[in-house]
Amino acid sequence: GAGVSQSPRYKVAKRGQDVALRCDPISGHVSLFWYQQALGQGPEFLTYFQNEAQLDKSGLPSDRFFAERPEGSVSTLKIQRTQQEDSAVYLCASSLGGFNNEQFFGPGTRLTVL
Amino acid sequence: AQSVAQPEDQVNVAEGNPLTVKCTYSVSGNPYLFWYVQYPNRGLQFLLKYITGDNLVKGSYGFEAEFNKSQTSFHLKKPSALVSDSALYFCAVRDISTSGTYKYIFGTGTRLKVLA
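So the sequence lines, in the order shown, correspond to chains A and B.
Every letter in the first sequence is one number past the one before it in my numbering, and letter 96, counting from 1, is 76.
Every letter in the second sequence is one number past the one before it in my numbering, and letter 5, counting from 1, is 9.
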C-alpha cells in the first residue's frame, strides 16, 4: 500500500548504544511528525518537518535525540547513548500540510533499551 | 496551552448497544479536534475531525462525534457497537506554537471493549 512505513518495527538496544529509526512518509506529503508513545500513554510530540526544514523540535527530550529529513521525504530519528527511559514506541506521521489536514501514522518502531 | 482529557481509561459496552467515549478539551481560540483509533500492532487511524460547521461530525466506520462548546466536550459516539470496534481511542487537539508550527496534543486514550 501507499501508507506510512517505519523500520525497523522492533529494536532492542543495550544501554549506551546509538539507534536510528527510519520513516517513509506518504509520497507528496509535505509535513512529517515524530511522536513518542510510552506504554499506556498517548503519543507525545517530538519534532515536526515541513519538507526538509525542521520547524519545531521542542518535544525532543534531550540533545541525545536528533532527527533529519535531508531531501524532504524519508526521515530518520537518531537516539545516541540510549537510556532505559528511551524505551517506547516511536511513531511517525505525515500529512499533506496545512493546519486542518489529518495525519497518517505509521505502525511505529518499538524500542526496548536493556 | 491546548489540552484534551479522556476521563475514562476503559469503557465496556455490549455488542449492539450505543457507545460513547468521552473527551473534553481546553483551548484558547477555536478548537480543532480529532479522534483516532489504534488497533494492536498498528498505527493510529484517523476517524474524524471537527474544524468548523455542524456540531455533529460523521466519520469512518459509522462513528460520529458531537462538538459541544458550552461543555467543552467532543465525545465519540456510535449507535450500535461491534466487537470489532474494540480498540484504543485517542482524542487530540491541534496546537499552534507562536512560531506558527503545529502539532497534535493527544489524550491518554480510552480502551473500548465491546462484549459479544
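We put the beta carbon where it would ideally sit given N, CA and C, even for glycine.
Under 7 Å between C-beta atoms, does residue i make it to chain A?
| i | result |
| --- | --- |
| Leu37 of chain B | no |
| Phe78 of chain B | no |
| Leu48 of chain B | yes |
| Gly113 of chain B | yes |
| Lys53 of chain B | yes |
| Thr56 of chain B | no |
| Lys81 of chain B | no |
| Thr105 of chain B | yes |
| Phe67 of chain B | no |
Indicate whether residue i and residue j have their beta-carbon atoms separated by less than 7 Å.
| i | j | result |
| --- | --- | --- |
| Ala0 of chain A | Thr56 of chain A | yes |
| Arg44 of chain A | Val69 of chain A | no |
| Leu4 of chain B | Val41 of chain B | Any property of residue 4 of chain B remains undetermined from this structure, which presents chain B solely from 5 to 120. |
| Phe25 of chain A | Lys107 of chain B | yes |
| Gly111 of chain B | Gln49 of chain B | no |
| Phe84 of chain A | Val(-16) of chain A | yes |
| Glu68 of chain B | Asn59 of chain B | no |
| Phe29 of chain A | Arg49 of chain A | yes |
| Gly113 of chain B | Gly22 of chain A | yes |
| Ala91 of chain B | Phe38 of chain B | no |
Between residue i and chain B, is any beta-carbon pair separated by less than 7 Å?
| i | result |
| --- | --- |
| Tyr28 of chain A | yes |
| Asp36 of chain A | yes |
| Pro95 of chain A | Residue coverage of chain A in this structure runs from -19 to 94, which leaves residue 95 of chain A outside it and unanswerable. |
| Glu65 of chain A | no |
| Pro41 of chain A | no |
| Phe85 of chain A | yes |
| Glu32 of chain A | no |
Could you check where the beta strand (DSSP E) with residue i kicks off and where it finishes?
| i | result |
| --- | --- |
| Ile100 of chain B | 91 to 100 |
| Asn16 of chain B | 14 to 18 |
| Thr(-10) of chain A | Residue identity differs from the one stated: residue -10 of chain A is Tyr in this sequence, not Thr. Looking at the DSSP string, the run of the beta strand (DSSP E) that includes Tyr(-10) of chain A is -10 to -7. |
| Asp36 of chain A | 33 to 36 |
| Glu82 of chain A | Glu82 of chain A -> no beta strand (DSSP E), and no H or E assigned at all. |
| Asp4 of chain A | -1 to 4 |
| Glu70 of chain B | 68 to 72 |
| Cys27 of chain B | Run containing Cys27 of chain B: none; DSSP gives neither H nor E here. |
| Gln10 of chain B | Per DSSP, Gln10 of chain B belongs to no beta strand (DSSP E) and is neither H nor E. |
Cβ of residue i versus every heavy atom of the ligand FAD: is any distance shorter than 6 Å?
| i | result |
| --- | --- |
| Leu40 of chain A | Ligands are entirely absent from the displayed structure, and the ligand FAD is therefore not among its contents. |
Determine, using beta-carbon pairs with one atom in the segment 97 to 104 of chain B and one in the segment 79 to 88 of chain B, whether at least three such pairs fall under 8 Å. no
Could you list the residues in the segment -17 to 9 of chain A with a C-beta less than 9 Å from some C-beta on chain B, going in chain order? Gly(-17), Val(-16), Gln(-14), Arg(-11)
For the structure I just gave you, are there three or more beta carbon pairs, one from the segment 18 to 30 of chain B and one from the segment 27 to 36 of chain A, closer than 8 Å? no
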